[in-house]
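Novice: Line by line, the protein sequences are chains E and W. Numbered by my numbering, the letters in the first sequence go through residues 1 to 115 in order. Numbered by my numbering, the letters in the second sequence go through residues 116 to 228 in order. Quick reminder that beta carbons are idealized off the backbone N, C-alpha and C, glycines included.
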Amino acid sequence: NAGVTQTPKFQVLKTGQSMTLQCAQDMNHNSMYWYRQDPGMGLRLIYYSASEGTTDKGEVPNGYNVSRLNKREFSLRLESAAPSQTSVYFCASSASGVLVGTEAFFGQGTRLTVV
Amino acid sequence: AQSVTQLGSHVSVSEGALVLLRCNYSSSVPPYLFWYVQYPNQGLQLLLKYTSAATLVKGINGFEAEFKKSETSFHLTKPSAHMSDAAEYFCAVSSYGNNRLAFGKGNQVVVIP
Numbered sequence: 001n002a003g004v005t006q007t008p009k010f011q012v013l014k015t016g017q018s019m020t021l022q023c024a025q026d027m028n029h030n031s032m033y034w035y036r037q038d039p040g041m042g043l044r045l046i047y048y049s050a051s052e053g054t055t056d057k058g059e060v061p062n063g064y065n066v067s068r069l070n071k072r073e074f075s076l077r078l079e080s081a082a083p084s085q086t087s088v089y090f091c092a093s094s095a096s097g098v099l100v101g102t103e104a105f106f107g108q109g110t111r112l113t114v115v
Numbered sequence: 116a117q118s119v120t121q122l123g124s125h126v127s128v129s130e131g132a133l134v135l136l137r138c139n140y141s142s143s144v145p146p147y148l149f150w151y152v153q154y155p156n157q158g159l160q161l162l163l164k165y166t167s168a169a170t171l172v173k174g175i176n177g178f179e180a181e182f183k184k185s186e187t188s189f190h191l192t193k194p195s196a197h198m199s200d201a202a203e204y205f206c207a208v209s210s211y212g213n214n215r216l217a218f219g220k221g222n223q224v225v226v227i228p
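(1) May I ask which residues mark the beginning and end of the beta strand (DSSP E) holding Q121/W?
(2) Quick check on G42/E: does DSSP put it in helix, strand or coil?
(3) Take the Cβ of S129/W as the centre, count every other Cβ of all protein chains shown within 10 Å, and call the residue buried at 16 or more, exposed below.
(4) My understanding is that G58/E touches R215/W, with C-beta atoms under 8 Å, so please give their C-beta distance in whole angstroms.
(5) Secondary structure at M27/E, three-state DSSP: helix, strand or coil?
(6) CA-CA distance, S124/W and A2/E?
(7) If I measure Cβ to Cβ from S87/E and keep anything under 7 Å in the same chain, skipping five residues before and after, which residues do I get?
(8) Since S141/W meets chain E, which of its residues come closer than 9 Å, beta carbon to beta carbon?
(9) Suppose the cutoff is 6 Å on Cβ atoms and the five residues either side in sequence are ignored; what does the same chain contact list for A104/E look like?
(10) Three or more beta-carbon pairs under 8 Å between the region 145-157 of chain W and the region 200-216 of chain W, yes or no?
(11) List the residues of chain B whose Cβ lies closer than 7 Å to the Cβ of M19/E, in chain order.
(12) Can you grab the Cα-Cα spacing for the pair Q11/E / M32/E, in whole Å?
(13) Would you report the Cα separation of F189/W and G16/E, rounded to the nearest angstrom?
(14) Taking only beta-carbon positions, decide if L43/E is within less than 9 Å of chain W.
(15) Strictly below 7 Å CB to CB, what residues from chain E border K164/W?
(16) I'd like to know if L171/W contacts chain E, where contact means its C-beta is closer than 9 Å to some C-beta of that chain.
(17) For a test of the three-state rule: what should DSSP assign to S199/W, helix, strand or coil?
(18) Within 10 angstroms of the Cβ of R77/E, are there 16 or more other Cβ atoms? Answer buried if so, exposed if not.
(19) I want to know whether the region 129-142 of chain W touches the region 68-76 of chain E - three or more CB-CB distances under 8 Å.
(20) Who are the Cβ neighbours of T20/E in its own chain at under 6 Å, not counting the five residues just before and after it?
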């Protein structure tokens with residue numbers, strides 16, 4: 001049982017380049033999330049998808065776009081990378097957008113460096 | 116808006132001593148509360164959660180937390196620290212109708228032999 005799988009695990013980008021971070025879950029969860037983790041800042045929500053076909057902005061959405069491709073997959077795109085987007089990115093999923101109180105399951109993270 | 120406050124980014128504890136990590140929350144509706152642990156270069160793993168059942172919640176690896184509504188707190192404890200408890204710990208809050216988890220800034224726990 002893989003859980004939440006993120007690719008790639010590591011990436012170095014030059015300023016202005018674009019890339020897409022991929023996330024897939026095999027737990028039949030409705031809700032999926034993208035967070036970024038920076039030292040001393042905890043995890044901050046970038047975007048989330050309460051269910052297939054819906055996406056909403058989180059706390060720090062600027063510079064990012066997302067696609068909920070199907071129930072399993074939720075991708076995060078950086079259109080023009082900036083050094084401020086150097087971070088560790090985590091994808092997570094949870095069972096239902098309505099039945100909150102169910103925990104979120106996290107992937108292993110993508111370490112992104114923008115030079 | 117819901118939020119969580121964790122004070123003291125780094126916490127040092129001697130092996131065998133009590134581990135106490137403090138979490139205070141803010142929520143306009145009854146909250147759901149979570150503690151997660153992150154080991155180096157890993158994702159987050161759920162330690163325990165409070166979802167309006169028993170106020171004293173037991174989790175994995177000997178950790179427990181008590182929900183105190185009057186103090187808006189959900190502090191995490193473990194009676195005796197092990198070296199393997201060295202990790203970063205995050206408190207998080209969500210609530211019914213708000214499908215987001217808001218995280219605190221985390222506590223980096225160092226266990227001293």
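Specialist: If we stick to the structure as given:
(1) DSSP places Q121/W outside any beta strand (DSSP E), giving it a letter other than H or E.
(2) Correct three-state label for G42/E: strand.
(3) So S129/W ends up on the exposed side.
(4) Contact flag correct, Cβ pair sits at about 7 Å.
(5) In the three-state reduction of the DSSP assignment, M27/E falls in the coil class, being assigned neither a helical nor a strand state.
(6) Taking the straight line from one Cα to the other gives about 32 Å.
(7) Here the set comprises R36, Q37, D38, L112.
(8) Under a criterion of Cβ atoms nearer than 9 Å, no residue of chain E is adjacent to S141/W; the nearest Cβ is some 15 Å distant.
(9) Excluding the 5 residues flanking it on each side, A104/E has same chain C-beta neighbours closer than 6 Å at A92, S94, in chain order.
(10) Under the three-pair Cβ rule at 8 Å, the region 145-157 of chain W counts as touching the region 200-216 of chain W.
(11) Here the protein chains are E and W, and chain B is not one of them.
(12) Q11/E and M32/E: Cα-Cα distance of roughly 22 Å.
(13) Rounded to the nearest whole angstrom, the C-alpha separation of F189/W and G16/E is 43 Å.
(14) Chain W has a Cβ within less than 9 Å of the Cβ of L43/E.
(15) Near K164/W (Cβ distances below 7 Å), the residues of chain E are E103.
(16) Contacts with chain E at 9 Å (Cβ-Cβ) do not include L171/W.
(17) S199/W: helix per DSSP, three-state reduction.
(18) Its Cβ having fewer than 16 others within 10 Å, R77/E is exposed.
(19) The region 129-142 of chain W vs the region 68-76 of chain E: no contact.
(20) Excluding sequence neighbours, T20/E sits near S75, R77.
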